[in-house]
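Please read the structure below before turning to the comments.
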């Protein structure tokens, strides 16, 4: 049954986390007997009441003990359950890193770890509650598939896919309530494949998480200024869509990666790692946190401090594109 | 639980522990210059002999049978005790125990291979009780009678996640979960009370809501009695008082033997000592 635009709007108000745990998980639980959902004292914040009331036997709150949660999840998975375990992205990806490495990465337990409020959604709570390195940590773990949702609908799609596919997964959910809509209508989620959201022919913007919506608006602005940008949603950070990337590299003169994450080790790095193995490929601009924890305040404020708003992304791309044009003109003159 | 607590059975298990000790020495010698974890394996030899020789319910011919009891050595470095026990239990040919460090071998590097009784890939300390909780919850939910046994070292009690797990196991009233603590009082760097004091372990566990049994960890009869205790609505902790390096005088209570190479002459001396103490016993009766 297809998802209606009304549902899409309602889910966007719940945010990625609310849609994932309040909508997708109860739906999955109704059909999957082996499902378990574990939280570390964040059931209320994550919108789990419906799940908790509807499926108490599938629900476990382990208290504020994230590392223990990963071990319990592994034990349940070793006995045949499909386990979803969640807390703030920084707590799960950083505090639990070794437990995830041992049980999910090395032992390949069928556990899906979901990091919520990734990026800087909890901006005012300070850096402790940010996650701007989670992709770097999770991406470096063998056997783990890594997803990052662009909006609430995609979060639901990723939940359904992860529940149906055995194997360990890290799912990055960004933002709080009211997540901007990227997908206005129902669509077919293709794991492992970059999604083209806008077709252009000069610069290619590859974005993930909340930066997808920002990048789409940046591309609209750039269109007005005479620069034609493609925009891609990289929802699967690992494995990397090599075929899709190669095609993008070949069709564009500049590659721009945009993520609410450190520029070290994240989605941009994943793109660059592959690009570096190819010859004669375009230059890449990394937009993200420049190896810093700059700014505390509202999420928008933090983004502004770090050049992550739509207009800042547009102006950065414009500058880079003009620079590139100048460089290639100088190159031509030299050759003449 | 149906545990045979006769003195004959205790004596049989003591003989099994002696055989396993001899196996451990063979393995340590075979490890050559790589060295091996002798001290902490010798301290839990009786514990493993009693578990595999009497307490655990398993069928090596059907290793994945859902109703089996689960055993996880959270102190996974006790390979010199665990692998001989698995060989005794029929999970692997006895000759194979000497290949425990073979490049690419199926016993090398604490692997997870449930088909030969290795339920869990450990190595990093303080993680396995959490896994046991997941297993015990699953067994209870699915109406399986499986019991989950986790062997811990005392040194790994320094890990914080262990106490998260102790709290949770009592909270969930997991009376099919038994944790055995090999209380040998030594970690890599020395006496546990000097490195990082563990203090009154029994009182700590009791206050966490566990049923606690203290026992002499090299007395097979005492271990049988400890395992036979019923802990209703509570997880069970068996605090086994042991000696690191037990059975070989120059290894006993010596932290140097936590991980060390064994020379040929040390091997001969150790073997003679293990045999001398128990030679008569070893001759008598089947295992």
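Residue numbers (our numbering), protein chains in the order written: chain A, 52 to 387; chain B, 16 to 302.
Backbone N, C-alpha and C define an ideal beta-carbon position, used for all residues, glycine too.
This structure is a prediction, so every number in the text was calculated from the model and none was measured.
If you check the beta carbons only, do residue i and residue j fall under 8 Å apart?
| i | j | result |
| --- | --- | --- |
| residue 207(B) | residue 262(B) | no |
| residue 82(B) | residue 161(B) | yes |
| residue 71(A) | residue 172(A) | no |
| residue 88(B) | residue 38(B) | no |
| residue 131(B) | residue 103(B) | no |
| residue 351(A) | residue 358(A) | no |
| residue 91(B) | residue 67(B) | no |
| residue 91(A) | residue 116(A) | yes |
| residue 255(A) | residue 372(A) | no |
| residue 87(A) | residue 127(A) | yes |
| residue 66(A) | residue 170(A) | no |
| residue 273(B) | residue 55(B) | yes |
| residue 99(A) | residue 144(A) | no |
| residue 193(B) | residue 232(B) | no |
| residue 230(B) | residue 220(B) | no |
Which residues bound the beta strand (DSSP E) around residue i?
| i | result |
| --- | --- |
| residue 166(A) | 162-169 |
| residue 336(A) | 334-340 |
| residue 222(A) | 220-225 |
| residue 150(A) | No beta strand (DSSP E) holds residue 150(A); the alpha helix (DSSP H) holding it covers 148-151. |
| residue 110(A) | 110-112 |
| residue 254(B) | 251-256 |
Apart from the five residues on each side of it in sequence, which residues of its chain come closer than 8 Å, Cβ to Cβ, to residue i?
| i | result |
| --- | --- |
| residue 53(A) | 237 |
| residue 156(A) | 192, 193, 194, 195 and 219 |
| residue 95(A) | none |
| residue 360(A) | 265, 351 and 354 |
| residue 421(A) | This structure does not reach residue 421(A), given that chain A is present from 52 up to 387, and the question cannot be answered. |
| residue 22(B) | 236 |
| residue 159(A) | 194, 218 and 219 |
| residue 119(A) | 113 |
| residue 122(A) | 150 and 154 |
| residue 134(B) | 85, 86, 87 and 127 |
Cutting at 7 Å between CB atoms, please list the residues of its own chain near residue i, excluding the five before and the five after it.
| i | result |
| --- | --- |
| residue 83(A) | 133 and 214 |
| residue 207(A) | 62, 70, 71, 74 and 75 |
| residue 266(A) | 256, 258, 282, 309 and 364 |
Below 6 Å CB to CB, which residues in the same chain sit around residue i once its five sequence neighbours on both sides are set aside?
| i | result |
| --- | --- |
| residue 272(A) | 365 |
| residue 302(A) | none |
| residue 235(B) | 25, 28, 29, 61 and 65 |
| residue 44(B) | 277 and 282 |
The alpha helix (DSSP H) that contains residue i, what's its start and end?
| i | result |
| --- | --- |
| residue 36(B) | 22-45 |
| residue 127(A) | 117-129 |
| residue 359(A) | Careful: residue 359(A) lies outside any alpha helix (DSSP H) and carries neither H nor E. |
| residue 171(B) | Run containing residue 171(B): none; DSSP gives neither H nor E here. |
| residue 186(B) | 175-186 |
| residue 110(B) | Neither: residue 110(B) is in no alpha helix (DSSP H) and is coded neither H nor E. |
| residue 242(B) | 235-243 |
| residue 62(B) | 60-65 |
| residue 136(A) | Careful: residue 136(A) lies outside any alpha helix (DSSP H), inside the beta strand (DSSP E) at 133-139. |
| residue 77(A) | 76-82 |
| residue 222(B) | 216-222 |
| residue 229(A) | Residue 229(A) -> no alpha helix (DSSP H), and no H or E assigned at all. |
| residue 87(B) | Not the alpha helix (DSSP H): residue 87(B) falls in the beta strand (DSSP E), residues 85-88. |
What distance in whole Å lies between the Cβ atoms of residue j and residue i, which are believed to be in contact at a cut-off of 8 Å?
| i | j | result |
| --- | --- | --- |
| residue 218(A) | residue 196(A) | 7 Å |
| residue 173(B) | residue 142(B) | The Cβ separation is near 13 Å, so there is no contact. |
| residue 233(A) | residue 185(A) | That belief does not hold up - the Cβ atoms of residue 233(A) and residue 185(A) are roughly 20 Å apart, past 8 Å. |
| residue 53(B) | residue 277(B) | 7 Å |
Got a sec: which bits of the segment 117-132 of chain A sit with their beta carbon under 9 Å from any beta carbon on chain B, in order along the chain?
-> So the list reads 117, 118, 119, 120, 121, 122, 123, 124, 125, 126, 127, 128, 129, 130, 131 and 132, given in the order they occur along the chain.
Chain B contacts from the segment 157-181 of chain A (Cβ-Cβ distance under 8 Å) | So the list reads 157 and 158, given in the order they occur along the chain.
Where the segment 245-273 of chain A meets chain B: residues whose CB sits under 7 Å from a CB there = Against chain B - using a Cβ distance shorter than 7 Å - the segment 245-273 of chain A contributes no residues.
Selection of the segment 129-153 of chain B by Cβ proximity to chain A, strictly under 7 Å = Listed by position along the chain: 136, 139, 142, 145, 146, 147, 148, 149, 150, 152 and 153.
Residues of the segment 109-128 of chain B with a CB closer than 7 Å to any CB of chain A: list them in chain order, please.
-> Correct list: 127.
Could you list the residues in the segment 102-118 of chain A with a C-beta less than 8 Å from some C-beta on chain B, going in chain order?
-> Against chain B - using a Cβ distance shorter than 8 Å - the residues of the segment 102-118 of chain A are 108, 111, 113, 114, 116 and 118.
What are the residues of the segment 23-46 of chain B that lie near chain A, defined by any Cβ-Cβ distance shorter than 9 Å?
-> Residues passing the 9 Å Cβ filter: none.
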